[in-house]
Amino acid sequence: GENVEQHPSTLSVQEGDSAVIKCTYSDSASNYFPWYKQELGKRPQLIIDIRSNVGEKKDQRIAVTLNKTAKHFSLHITETQPEDSAVYFCAAGGGSYIPTFGRGTSLIVHP
Amino acid sequence: DTAVSQTPKYLVTQMGNDKSIKCEQNLGHDTMYWYKQDSKKFLKIMFSYNNKELIINETVPNRFSPKSPDKAHLNLHINSLELGDSAVYFCASSQGLPGLSYNEQFFGPGTRLTVL
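Here it is in structure tokens:
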């Protein structure tokens, strides 16, 4: 089955800095890589996703990159703001019936 | 309109009791899931149904029994509740079959279960 590793588990940055969260996956058949944001007490919600036929995708201050050869993908947040503080989950799916989540990164943005 | 809804939002109960959590989605999705999120925030998949058929059954105690009366509903019944069952349980849905065309999952608001 798929195995997704996510790092770091906690990331603390100053407002305005960039934040990078990295994930690796094991199943080369995985073809869909979403990122979910979970604010405190709320449900996880999709913020950006990428499919395996694309190497990079950007949406305003967030971007995701995918390296299929190395089996890793990353989330980049620029000009961080306090409202970016949340737990971020990467996931990998499409290669098996089990959509697999990383263990989450708690991002803290200090004003 | 609420896309994925769960009831109840909070559930506090004694050890040994039996309880149910209900989930409904109005997105017309084929696949529904149950996740358990522990205190360390790890999202662990428990079950998945596609068009009322069980497709994923992870290593979950058989005290947990999902039921899907139709593709818009996936309920979770838990027998003989234990302290370790305390967690937030999320229902989710997505279009398509995860193994073939995994797509965005839409999560419900969660049910916080506390077992005393």
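If you're matching them up, the sequences are chains L and U in order.
Just so we're aligned: 89 in this note's numbering is position 89 of the first sequence, and the numbers increase by one with no gaps anywhere.
Just so we're aligned: 1096 in this note's numbering is position 96 of the second sequence, and the numbers increase by one with no gaps anywhere.
No residue lacks a Cβ here, since even glycine has one placed at the ideal position from N, Cα and C.
_Distance between residue 1048 (chain U) and residue 94 (chain L) (C-alpha atoms, nearest Å)_ = 14 angstroms
*Comparing alpha-carbon positions, which option in U:1092, U:1112, U:1102, U:1104 lies nearest residue 1046 (chain U)?*
U:1092
*Spatial neighbours of residue 1052 (chain U) in its chain, beta-carbon cut-off 8 angstroms, leaving aside the 5 residues before and after*: 1068, 1069, 1070, 1071
*Compile a chain-ordered list of the residues in the segment 1014-1027 of chain U whose CB is closer than 8 angstroms to at least one CB of chain L.*
none
*Report the option in L:61, L:98, L:29 whose CA atom is closest to the CA atom of residue 83 (chain L).*
L:61
*Decide if the segment 72-80 of chain L is in contact with the segment 7-19 of chain L; the criterion is three or more beta carbon pairs, one per stretch, under 8 angstroms apart.*
Judged by Cβ distances under 8 angstroms, the segment 72-80 of chain L makes contact with the segment 7-19 of chain L, as three or more pairs qualify.
*Can you tell which of L:45, L:33, L:37 has the C-alpha that lies nearest to the C-alpha of residue 64 (chain L)?*
If we check each option's Cα against that of residue 64 (chain L), L:33 comes out closest.
*Under 9 angstroms Cβ-Cβ, which residues of chain U neighbour residue 87 (chain L)?*
1041
*Exposed or buried, what is residue 1039 (chain U) when buried is set at 16 or more other beta-carbons lying within 10 Å of its beta-carbon?*
exposed
*Could you name the residues of the same chain whose beta carbon sits closer than 6 angstroms to that of residue 3 (chain L), not counting the 5 residues immediately before and after it, in chain order?*
26
*Quick one, which of U:1033, U:1081, U:1103, U:1014 has its alpha-carbon nearest residue 46 (chain L)'s?*
U:1103
*Does the beta carbon of residue 1105 (chain U) sit closer than 9 angstroms to a beta carbon anywhere in chain L?*
yes
*asked:* Looking at the ligand GDP, does it come within less than 8 angstroms of residue 1054 (chain U), judged from the CB to the closest heavy atom?
replied: Although the ligand GDP was asked about, the structure shown includes no ligands whatsoever.
*For residue 1066 (chain U), decide whether its Cβ has a neighbour in chain L, counting only Cβ atoms nearer than 9 angstroms.*
no
*Per DSSP, residue 1066 (chain U) is paired with what?*
U:1076
_Under the three-state DSSP convention, the category residue 1018 (chain U) falls into_ = coil
*Pick helix, strand or coil for residue 1084 (chain U), following the three-state DSSP scheme.*
helix
_First and last residue of the uninterrupted beta strand (DSSP E) at residue 92 (chain L)_ = Residue range 86-92 is occupied by the beta strand (DSSP E) that includes residue 92 (chain L).
*Give the single residue among U:1014, U:1031, U:1109 whose Cα lies nearest to the Cα of residue 1056 (chain U).*
U:1031
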